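To start, the structure under review is shown below, and the notes come after it.
2 protein chains.
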Amino acid sequence: VATARRGARVLSSGPGSRVAAPDPWLKGAGPFHLGRIALERFPFAAWRRLLARHARRLDESLLGYGDPAGLGELREAIAAYVRTARGVVCEADQVLVVNGSQQALDLVSRVLLEPGSRVFFEEPGYWGARDAFVAAGARLVPVPVDSEGLDVKAGIALCPSAQAAYVTPSHQFPTGVLMSASRRLELLHWARTSGAWIVEDDYDSEYRYESLPVAALQGLDRDARVLYVGTFSKVLAPGLRMGYLVVPPDLVERFRVVRWSMDICPPALLQAVLADFLAEGSFARHLRRMRALYRERRAALVDSLRNELGGLLRVEGERAGLHLLAVLAGGGNDRELAYRAAEDGLRTLPLSSCYLAAAKRQGFVLGYGGLDVPEIPSAVRRLARVLRDARASRREASAG
Amino acid sequence: VATARRGARVLSSGPGSRVAAPDPWLKGAGPFHLGRIALERFPFAAWRRLLARHARRLDESLLGYGDPAGLGELREAIAAYVRTARGVVCEADQVLVVNGSQQALDLVSRVLLEPGSRVFFEEPGYWGARDAFVAAGARLVPVPVDSEGLDVKAGIALCPSAQAAYVTPSHQFPTGVLMSASRRLELLHWARTSGAWIVEDDYDSEYRYESLPVAALQGLDRDARVLYVGTFSKVLAPGLRMGYLVVPPDLVERFRVVRWSMDICPPALLQAVLADFLAEGSFARHLRRMRALYRERRAALVDSLRNELGGLLRVEGERAGLHLLAVLAGGGNDRELAYRAAEDGLRTLPLSSCYLAAAKRQGFVLGYGGLDVPEIPSAVRRLARVLRDARASRREASAG
């Protein structure tokens with residue numbers, strides 16, 4: 024241990040070493056944190072009842088090694104849910120239960136990519152997916168996102184031979200854009216003709232506040248090129264570590280083998296509880312309640328931002344999900360501002376940190392999932408103060 | 024899907040693709056299965072009580088994203104346990120809670136290895152570790168195991184520049200050998216002078232039937248070169264997916280970052296229950312009971328094998344763990360025999376499948392963790408019949 028403390032030792036310089044550590048000041052769970060949801064509205068009563076039931080029934084069936092793809096009844100329940108709610112075309116045996124969507128992305132990278140594989144990556148995009156692909160040694164090709172989503176033609180021009188594309192078509196992270204129908208068809212056409220894979224991350228598509236949810240891209244795929252990723256972290260609770268991956272039928276066995284090599288199988292008890300929660304209809308009821316709740320939170324945040332910061336920040340993106348993008352209308356250094364906001368306990372994500380190349384725009388990705396309506400005005404006022412103080416000190420500096 | 028069914032499509036040819044699928048006939052959970060333990064003796068009452076308690080208490084603290092290294096109270100309890108029971112030198116903040124030892128091996132591979140890294144691998148050795156390292160792109164160097172464990176000098180002669188060594192010093196898998204003190208010191212010396220890592224997999228060291236458990240290799244390490252892996256799959260239940268990894272202090276942060284990129288953090292509820300189970304002393308009591316139980320099972324299996332198969336099979340290895348090695352005294356094709364045994368519902372693992380290079384010896388790795396004493400004689404008689412029938416048909420074939 025003495026040696027260890029002398030200084031940083033040489034670790035691998037391999038793919039795993041290229042996973043970036045988060046900014047040290049991005050700590051804590053203050054207002055606007057993207058990982059926070061309304062946990063105070065978690066369906067405690069139903070889960071306490073189901074957990075107690077499964078605790079009483081606990082027997083050998085839940086204690087041995089399980090199927091690497093997960094518990095049969097949960098796979099059935101998930102398949103039924105994504106077919107009905109998301110328009111995903113699948114049978115239960117195409118579903119793999121995973122420890123949240125992050126493991127789905129990791130698993131996909133392991134099975135389909137190799138060191139050096141090129142992947143279309145939304146620019147700006149989601150850092151968790153970036154980390155999973157980079158850890159597999161993939162080379163990410165930043166492909167611009169415009170008002171229709173990933174610019175497929177630009178991607179093809181940049182790297183026609185990419186092996187995969189990562190997209191968030193229902194609610195692009197972080198811009199909130201909905202991918203247009205024509206772009207979806209273009210992307211599928213490219214995948215079919217070039218033999219590439221599409222990884223569709225449908226992380227918060229359950230929440231749309233102005234219209235019915237838009238069906239998943241996977242439902243349009245006639246060539247089994249789409250890997251569909253979903254999660255219960257946004258619609259139930261991240262601490263359960265429950266997500267799913269729907270893969271084409273001929274890939275199931277390979278995914279099962281590679282998942283075994285990663286951590287064998289998901290834990291059984293929580294799968295059994297979740298399967299019951301879905302099957303008895305409690306999940307559908309919970310989702311309806313949460314949709315109404317988050318609609319209110321979003322509306323309150325948008326109002327507050329307009330009132331307090333109308334001149335400085337412009338809200339973008341669909342009325343959907345658990346976060347919004349607030350672009351710095353007159354430019355600015357979003358990292359420096361987010362750092363100052365963090366000193367005041369606010370947990371904003373600078374938009375520039377979502378870019379692989381130089382940021383085209385500056386702004387903040389603001390989560391409202393964990394912000395109760397009465398808290399919103401004061402959180403926004405605190406953010407407004409940070410931005411105004413920074414502007415004032417910039418003016419002083421340039422004047423002096 | 025139509026396209027998908029036309030034939031196997033091209034997946035990655037990268038590291039993940041090199042993870043081997045298990046033999047298709049190695050299915051089911053028949054007698055001698057290595058993954059089976061005495062689940063009928065699981066501490067149901069204590070777990071039902073603790074699960075019910077945590078279900079009642081369920082609150083937001085267990086539902087949000089957690090520390091990638093695991094719940095603080097569980098890390099404390101594990102650190103206290105491995106210090107006392109295994110002689111591991113560590114503080115709680117060096118412990119990472121993982122989804123079973125397989126994830127520990129995967130995580131270690133990701134952080135410390137890169138494609139092409141050379142790793143000393145016990146020959147014969149454990150296929151789960153092989154899969155994890157191969158999935159990271161490592162090149163395994165098969166290093167012979169003799170009656171003192173890994174032959175360190177042979178390893179150095181084969182590949183002096185290896186970046187890591189994987190060992191099971193307390194109870195080598197599959198031979199059951201205990202690594203000698205001098206080999207432990209040789210291995211540590213090599214790691215220190217060459218800057219290599221040692222991955223110590225202590226998967227079933229709690230069970231020694233003739234003497235006190237032998238302390239972990241990690242406790243002898245003065246240079247922070249050992250990554251220590253443990254699991255609750257053998258001592259409690261595999262379906263809980265609970266294991267741990269103890270890493271040198273200066274590596275904790277890197278492990279935390281890479282684990283985040285894999286699946287963020289372990290599920291909280293089961294960690295809270297397990298922490299209580301350890302802290303209240305129930306685990307220590309359970310372990311004492313199980314040690315007595317498996318000692319009986321082992322003795323009964325050894326007796327039965329001597330009675331029924333004394334001339335054909337030679338039992339090897341320490342009186343420890345949950346499996347033994349039965350070597351085919353006169354040689355033979357263990358794969359073909361294991362296949363025939365599988366047709367009869369027996370789940371023996373052919374020794375030859377544990378070799379990376381050509382097998383030096385043939386035999387069977389037999390698990391007795393899941394075999395109740397009264398079942399043992401008939402299971403052994405079934406195995407004896409398979410071996411005798413095979414011998415008889417071989418004689419007929421060579422006579423005819």
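Quick mapping for you: the protein sequence lines, in order, are chains X and S.
For any residue, its number in the numbering used here is found by taking its place in the first sequence, counting from 1, and adding 23.
For any residue, its number in the numbering used here is found by taking its place in the second sequence, counting from 1, and adding 23.
Glycine included, C-beta positions come from ideal geometry on N, C-alpha and C.
The structure displayed is predicted, hence computed values, not measured ones.
Outcome for residue i when other beta-carbon atoms lying within 10 angstroms are tallied against a minimum of 16
i	result
ALA212 of chain S	One point to set straight first is that residue 212 of chain S is His, not Ala, in the sequence displayed. When all chains shown are included, HIS212 of chain S counts as exposed.
ALA102 of chain X	buried
ASN330 of chain S	exposed
VAL33 of chain S	exposed
ARG282 of chain X	buried
SER140 of chain X	buried
ARG204 of chain X	Going by the sequence as given, residue 204 of chain X is Ala instead of Arg. Label assigned to ALA204 of chain X: exposed.
THR107 of chain S	exposed
LYS257 of chain S	buried
SER36 of chain S	exposed
GLN195 of chain X	buried
LEU412 of chain X	Per the sequence presented here, residue 412 of chain X reads as Asp, with Leu not at that position. So ASP412 of chain X ends up on the exposed side.
ARG436 of chain X	With chain X represented from 24 up to 423, any question about residue 436 of chain X goes unanswered, as that position is not in the structure.
Contact with chain X by residue i, beta-carbon distance below 8 angstroms
i	result
GLN241 of chain S	no
ARG277 of chain S	yes
PRO38 of chain S	yes
VAL258 of chain S	no
ASP227 of chain S	no
SER140 of chain S	yes
TYR317 of chain S	no
GLN213 of chain S	The sequence shown places Trp at residue 213 of chain S, rather than the Gln named in the question. No, its Cβ sits nowhere closer than 8 angstroms to a Cβ of chain X.
PRO261 of chain S	yes
LEU119 of chain S	no
ARG264 of chain S	yes
ARG32 of chain S	yes
is_contact[residue i, chain S] using C-beta, thresh 8 angstroms
i	result
PHE67 of chain X	yes
VAL42 of chain X	yes
PRO47 of chain X	no
ASP439 of chain X	Look at the range of chain X in this structure, 24 to 423, and you will see that residue 439 of chain X is not part of it.
SER35 of chain X	yes
ALA219 of chain X	no
VAL280 of chain X	yes
SER372 of chain X	The question names Ser, but residue 372 of chain X is Leu in the sequence shown. No, no contact with chain S.
TYR11 of chain X	This structure does not reach residue 11 of chain X, given that chain X is present from 24 up to 423, and the question cannot be answered.
Beta-ladder partner(s) of residue i, from DSSP
i	result
TRP220 of chain S	S:ALA187
ARG231 of chain S	S:ALA343
PRO167 of chain S	S:GLU146
TYR251 of chain S	S:GLU223, S:VAL269
ARG337 of chain S	S:VAL350
PHE387 of chain X	X:ALA349, X:PRO373
ARG321 of chain X	Answer by DSSP bridge pairing: none, since ARG321 of chain X is not bridged.
SER172 of chain S	According to the sequence shown, residue 172 of chain S is Gly rather than Ser. In the DSSP output, where bridge partners are listed per residue, GLY172 of chain S has S:ASP169.
LEU119 of chain X	X:LEU268
Residue i, DSSP secondary structure in three states
i	result
VAL258 of chain S	coil
GLY178 of chain X	helix
PRO271 of chain S	coil
PRO397 of chain S	helix
PHE451 of chain X	A question about residue 451 of chain X goes unanswered here, because the residues of chain X that appear run from 24 up to 423.
LEU49 of chain S	coil
VAL38 of chain S	Here the sequence assigns Pro to residue 38 of chain S, which means Val is not the residue at that position. PRO38 of chain S falls in the helix class under three-state DSSP.
ARG404 of chain X	helix
LEU292 of chain S	helix
LEU379 of chain S	coil
ARG141 of chain X	strand
ARG314 of chain S	helix
ARG162 of chain X	strand
HIS362 of chain S	Note on residue identity: the sequence assigns Tyr, not His, to residue 362 of chain S. Note: TYR362 of chain S maps to helix in three-state DSSP.
MET285 of chain S	helix
Against chain S: residues of the segment 123 to 137 of chain X by CB proximity under 7 angstroms: GLY123, GLN125, GLN126, ASP129, ARG133, VAL134, LEU135, LEU136, GLU137
Could you please tell me which residues of the segment 380 to 404 of chain S, in chain order, have their CB closer than 7 angstroms to any CB of chain X? Residues: none.
What residues in the segment 285 to 304 of chain S bring their beta carbon closer than 9 angstroms to a beta carbon of chain X? MET285, ASP286, ILE287, CYS288, PRO289, PRO290, ALA291, LEU292, LEU293
What are the residues in the segment 155 to 175 of chain X lying within 9 angstroms of chain S by C-beta distance? ALA155, VAL157, ALA158, ALA159, GLY160
If contact means a Cβ-Cβ distance below 7 angstroms, which residues of the segment 68 to 87 of chain X contact chain S? TRP70, ARG71, LEU74, ALA75, ALA78, ARG79, LEU81, GLU83, LEU85, LEU86, GLY87
Please list the residues of the segment 52 to 67 of chain X that have a C-beta atom closer than 8 angstroms to any C-beta atom in chain S, keeping them in chain order. ALA52, GLY58, ARG59, LEU62, GLU63, PHE65, PHE67
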